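For what it's worth, the working numbering labels the leading residue of the sequence shown as 1052, then goes sequentially.
Each residue gets a CB set at the ideal place from its N, CA and C atoms; glycine is no exception.
From a predicted model like this one, the values you see are computed outputs, not experimental measurements.
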Amino acid sequence: MNYKTGRKIFLMMAVLFIFFIGVGGCGSKEEKKAQEAKPVMAPAPVLSGTTEVPAAAPTDVPAASRPADSAKSPVASNIAVEVDGAKLTRSRLEEDLKKRIETLKGQIPPESLEQAKGEIRRSLIDEFVVRNLLSKEVGAKKVTASEKEVADVLENVKTQLPAGVTMDDLLKKNNLDAAKMREEIGLNIRINKLVLQELGGKVKITDKEISDFYNKNLDKFKRPESVHARHILVAKASGDTDKTKAEKKGKAEGLRKQLVSGVDFAELAKKSSDCPSKKDGGDLGTFTRGQMVKPFEEAVFSQEKNAIGPVVETEFGFHIIQVLERLSAQVVKLDGETRKQIQTVLENQKQQGAFDSLIKRLKAGANITVYGK
């Protein structure tokens, strides 16, 4: 997730969805090769339209923003940033930093998370600036959000929760309460309305804009070779002896014989597979090269359609694989569905442009001072 100001219209909602980062379902994700996680935020930008004051030199603050008494400097009095009189204290900033880091634990390696602290801290400062500017602007323009609009967004959030996860789990994970979440949702609804006002109403995308985007980005519409497959897994454990591994391979061979003799694949997967995909009858969905561990990939992309392949060993265990469908590489046509997707991309680009312009204008007209680094 990128915390950079102007890169996400729903900036204030970002924390609500950190929870979903790295939440893997069953199926192909179960077989993906473990990759080194990377920091989820890009370097935070220097706040355009702000004055950054080195901690050792508070006298560099412009006269319009400089404290009247340097002995009572905001640096000395624990102020991190000031926006048109609204202040974020250093202690509150550090508290928010701890909360944000807590939500990212388990999703980013500890060493990367430690390195990212500075970036997260800067993004929190920028969020404070943007939040105050936008809150002030929606208030000045009397932009509102109805209870029904907030309730509709909440319902949408609920539908996107992973199986077995409740709203309470989401709130607890992100250190929020229900009232705070409703407040953030309401603010974002008002911000979206404000952005639409900047655009002069509903975003309009022409057929020519869609065709031009498609023709200029044909490389993005190349669909690589893919397969739709299902499997049954007899899982290995880290402490398995050679004898145990041999027994598990024997079990997998026995399951394969049942399938070859005509036993229903989905039913056998539900009863015997050790993969979470068992609830879907072993269905891994459609995937391309590079998404599975190498032995699994080599087997599935060389196997005949509908055949019950030989037992394949990976770091996860022993697999019996069946390829259900094979799709060759091709360029996606500019059909109805593709047009809808391009339209959404172009709408988002126009909304993002309006949002960026709005933030730039608000920052230019505000008194913003960041104390220290």
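Tell me which residues share the same chain as residue i and place their Cβ nearer than 7 Å to its Cβ, disregarding the 5 neighbours each side in the sequence.
i: Q1401; result: A small correction: the amino acid at residue 1401 is Lys; Gln does not occupy that position in the sequence shown. Within the same chain, K1401 has close Cβ partners L1250 and V1254.
i: V1246; result: I1060, Q1402, A1405, F1406 and L1409
i: K1084; result: Since pLDDT at K1084 reaches only 35, below the 50 mark, its modelled position is unreliable, and the value read off the structure follows with that caveat. Here the set comprises V1344.
i: D1147; result: L1175
i: I1393; result: I1261, F1264 and Y1265
Return the residue from the list the options that minimises the CA-CA distance to residue i.
i: E1366; options: I1171, Q1373, G1333 and F1347; result: F1347
i: H1282; options: K1138, R1307, K1384 and I1261; result: R1307
i: P1275; options: L1155, S1186, F1338 and L1413; result: F1338
i: T1024; options: Q1248, G1157 and P1160; result: In this structure the chain extends from 1052 to 1424, so residue 1024 is not present and cannot be described.
i: K1411; options: L1184, V1314, K1300 and S1128; result: L1184
i: V1136; options: F1179, R1172, H1370 and E1145; result: Correcting the residue identity first, residue 1136 is Gly in this sequence and not Val. It is F1179.
i: A1229; options: Q1211, G1252, I1240 and V1201; result: V1201
i: V1363; options: Q1211, K1299 and G1252; result: K1299
i: N1243; options: K1209, S1186, Q1342 and K1149; result: S1186
i: I1240; options: E1198, S1353, G1341 and E1349; result: E1198
Pop quiz: residue i and residue j are said to be a contact at Cβ under 8 Å. What is the actual Cβ separation, rounded to whole angstroms?
i: G1305; j: F1316; result: Contact flag wrong, Cβ pair sits at about 15 Å.
i: V1132; j: V1344; result: Rounded, the Cβ-Cβ distance is 47 Å, inconsistent with contact.
i: I1236; j: V1204; result: 5 Å
i: V1351; j: V1383; result: About 22 Å; that fails the 8 Å criterion.
i: L1144; j: I1152; result: L1144 to I1152, Cβ: 12 Å. No contact.
i: V1278; j: E1355; result: Actually they do not touch by this definition, with Cβ atoms about 11 Å apart.
i: G1336; j: A1286; result: 20 Å between Cβ atoms; not a contact.
i: I1432; j: A1303; result: Residue 1432 lies beyond the range of the chain shown here (1052 to 1424); nothing can be said about it.
How is the beta strand (DSSP E) around residue i delimited, first residue to last?
i: R1182; result: It is not in any beta strand (DSSP E) - R1182 instead sits in the alpha helix (DSSP H) that spans K1168 to A1191.
i: G1368; result: G1368 to L1378
i: V1363; result: V1363 to T1365
i: G1341; result: From DSSP, G1341 is part of no beta strand (DSSP E); its letter is neither H nor E.
i: T1395; result: Counting along the chain, T1395 falls outside any beta strand (DSSP E), though it belongs to the alpha helix (DSSP H) covering G1387 to A1415.
i: T1420; result: I1419 to Y1422
Over the uninterrupted alpha helix (DSSP H) stretch that includes residue i, give me the two end residues.
i: L1227; result: No alpha helix (DSSP H) contains L1227, which DSSP labels as neither H nor E.
i: A1131; result: Premise fails: A1131 lies in the beta strand (DSSP E), I1130 to V1134, not in any alpha helix (DSSP H).
i: K1149; result: R1141 to L1155
i: V1204; result: E1198 to T1210
i: K1321; result: F1316 to S1323
Go through its chain and collect everything with a Cβ distance to residue i's Cβ below 8 Å, but skip five positions before and after it.
i: V1396; result: F1264
i: S1142; result: N1129
i: E1398; result: V1254 and I1256
i: A1088; result: Here the model assigns A1088 a pLDDT of 28, short of 50, so the residue's position is not dependable and the matter cannot be decided.
i: Q1381; result: K1273 and R1274
i: G1341; result: E1348
Leaving aside the five residues before and after residue i along the sequence, list all residues of the same chain whose C-beta is less than 6 Å from its C-beta, in chain order.
i: G1313; result: none
i: Q1086; result: Its pLDDT being 34, under 50, Q1086 is placed unreliably by the model, and the measurement read from it follows with that caveat. Once the five neighbours on either side are set aside, Q1086 has no close Cβ partner at all.
Review point. If you scan the region 1249 to 1304 from start to end, which runs of the alpha helix (DSSP H) of 4 or more residues do you find wholly inside it?
Key: If only uninterrupted alpha helix (DSSP H) runs of at least 4 residues are considered, those enclosed by the region 1249 to 1304 are 1258 to 1267.
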